[in-house]
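Visitor:
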């Protein structure tokens, strides 16, 4: 059984994701096998908020070269955009970064 901290790996901190925090949309890197229901329950458990909607996206790893011939790939990962309900409080972790 996965815990909420196994499902939510880390927050995604970019200009675009920080702009969406005004609309109560938060972006996280999540476990690749987690579904939307598990992600919603994990966010509610960790941050104590109410989740309205979860959108997920599988991000492909980029090809990277480290020299002349060897080409490698960064790892593929899963991203989740979580929208909170209107009456829900905001996630305090993101407030100081905007």
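In my numbering, the protein residues as written are 1321 to 1418.
Note that beta-carbon positions come from the ideal geometry of N, C-alpha and C, so glycine has one too.
Distance check for residue 1327 and residue 1350, CA to CA, integer angstroms please.
Guide: C-alpha separation (whole angstroms): 5 Å.
Visitor: For the alpha helix (DSSP H) containing residue 1409, list its first residue and its last residue.
Guide: Taken as a continuous stretch (DSSP letters only), residue 1409 belongs to no alpha helix (DSSP H), as it is neither H nor E.
Visitor: Reducing DSSP to helix, strand and coil, say where residue 1416 ends up.
Guide: If DSSP states are grouped into helix, strand and coil, residue 1416 belongs with the helices.
Visitor: Going by C-alpha distance, which of 1373, 1352 and 1353 is nearest residue 1360?
Guide: Selected option, being the one with the closest Cα: 1373.
Visitor: Within 10 Å of its beta-carbon, does residue 1347 have 16 or more other beta-carbons around it, so buried, or fewer, so exposed?
Guide: Buried is the call here.
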